[in-house]
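The sequence shown begins at 1 in full-length UniProt numbering and counts up by one. Beta carbons: idealized from backbone N, C-alpha and C, even for Gly. Because the structure is a prediction, the values reported are computed rather than measured. Report on one structure; see the data block that follows.
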Amino acid sequence: MSQTTAAVFNPFEPGFTDDPYPQYARLRAESPAHEHPLGFWFLGRYADVQAMLRSEQSVELENLGPGRYRDMNEQLYGRVGTPRLGGLSMLDRDPPTHTRLRKLVTKAFTPRAVQALETRIAALVEARLDEIAAAGTADLVAALAFPLPFEVISAMLGMPDTDHVRVRELAAVLARSFEPGVDPELARALTAADEELAGIVREVIAWKRGHPADDLMSALIAAEDDGDVLDDDELVAQVELIYLAGYHNTVNFIANGTLALLRNPDQLALLRAEPGLIDNAIDEVLRYDVPTQALRRITVRPFPAGDVVIPAGAFVLTSLGSANRDEEFWGPDADRLRLDRENARAHLSFGAGSRFCLGSALARMEGRLAIGGLVGRFDKLRLDGEVRWNGRVNLRGPETLPISV
């Protein structure tokens, strides 16, 4: 099929945000690597997406070549670059800055620090499940998936309870920065939310400097590598990033994963019969319906993908959702949920390479305790109405997920 008639990525196709996977299948078959009329490139095959994520291509928008994407960025923000979090978060920086920031954050965000949260997370889950049990029915998003990750992150960072409501509201606004099609009004809202959240975090950091505690924010303040430390602006950006990367992703993970089990009763029964499958089940639901559908890269050198070569300076949308369903890698049952899938952990939902998600262990723990807790406690767990999706292209998940227990 020629390039002019082949399928083109279209996130605005009716029904796409409810179920993008049929479109991804068409794209993999007809145009797995293609340039979109709007000026960006789409990658949909597992091998290409993995190779791009493992490569040392860029994430910095300053490396965009001339064209529509560069012009749009400059028109919206008055400059070419990443406005989110002042452009200082490790998510938006290339080496050597990314390497330095990640190294310092890793000194605070240790496996031991994550493991120490398990008892606290289990108690938070149990309290939420008690409320669901008492009511008999619930919207799983509002009752568990939405509040739990925020409570976990705030407890981990040591954020004052008085700031919780406003921080959650601001984080919800900033999550829109991961979506395509930012308009001038939203750009202004993102800038305002960023500035307000930064102000709140800056005040907490100032207080923590004089009152250190056993929490991640204090550990980030104290993190040091051969005399190098995070300055205040860098600290603010990394704390904001922890909220953005660890909050809505985990909301979608818990909701998408639970929904996948409820829509595949044979797999739900398998997990109940073999609870030891829970760790593999967590990876399989992450593969099956990824919480973040795509990651961006900016090519700083030509990148071969199949029979095409993406030029330097291109904005590339690497589709994790498509890669995680690629039949060439996963086999003919790629569209099936299979909790005993031997290579489930090979999913790309946490990225790959030097930017592999630092919070993956925490996310897996939250998913295991939340989804495993639901399945283990409620043997009559079922859908109790229509699922309504949040309409997001990238951070895609249910807006409401009615259940009865």
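Could you tell me the distance, in whole angstroms, from the CA atom of ALA223 to the CA atom of ARG102? 11 Å
Whose CA, out of GLU151, PHE329, HIS34, PHE303, lies closest to the CA of GLU362? Position check: residue 362 holds Leu in this sequence, whereas Glu was assumed. Checked all of GLU151, PHE329, HIS34, PHE303; the closest Cα to LEU362 is GLU151.
Let's test the definition: count the other Cβ atoms within 10 Å of the Cβ of GLY306 and tell me whether it reaches 16, buried, or not, exposed. exposed
Return the first residue and the last residue of the beta strand (DSSP E) that ASP139 is part of. 137-139
By DSSP's criteria, ALA33 is part of a beta bridge. Which residues make up the other side? LEU43
Identity of the residue in ALA33, LEU144, ASP130, LEU64 nearest TYR247 by Cα: LEU144
THR318 to ALA134 span [Cα, whole Å]: 43 Å
Give the range of the beta strand (DSSP E) segment to which VAL309 is assigned. 308-310
Under 8 Å, do LEU241 and LEU85 count as touching if we go by C-beta distance? yes
Which residue spans inside the stretch 234-301 form an unbroken beta strand (DSSP E) run of at least 3? 294-298
Helix, strand or coil for SER58? Go by DSSP, reduced to three states. strand
What residues in its chain sit with their C-beta under 8 Å from that of TYR24, if we drop five residues either side in the sequence? GLY44, SER319, GLY321, SER322, ARG325
Roughly how far, in whole angstroms, is the beta-carbon of GLY289 from the beta-carbon of ASN256, given that I think they are within contact range, below 8 Å? Going by the sequence as given, residue 289 is Asp instead of Gly. Contact holds; Cβ gap of about 4 Å.
At which residues does the alpha helix (DSSP H) containing THR106 begin and terminate? 97-108
Per DSSP, which one or two residues make a beta bridge with ARG388? THR400
By a C-beta neighbour count over all protein chains shown, 10 Å radius and 16 as the cutoff for buried, is SER354 buried or exposed? exposed
Excluding sequence positions up to five away, which residues of its chain have a Cβ less than 6 Å from the Cβ of SER58? ASP94, ILE298, VAL300
Mapping DSSP to helix, strand and coil, what is VAL316? strand
Out of THR258, ASP163, ALA189, which has the shortest C-alpha to C-alpha gap to VAL141? THR258
Just reading off the beta strand (DSSP E) that ALA305 is part of, what are its end residues? 303-305
May I have a chain-ordered list of the beta strand (DSSP E) segments no shorter than 3 residues that lie completely inside the stretch 177-212? none
Exposure of GLY397, with buried meaning 16 or more beta-carbon neighbours within 10 Å: buried
What span of residues does the alpha helix (DSSP H) with PHE150 cover, start to end? 147-157
Specify the secondary structure class of LEU230 as computed by DSSP and reduced to three states. coil
Option nearest TRP41 by Cα separation, candidates GLU13, GLY158, VAL309: VAL309
Using 10 angstroms around the beta-carbon of GLN115, count the other beta-carbons present and answer buried if the total reaches 16, otherwise exposed. exposed
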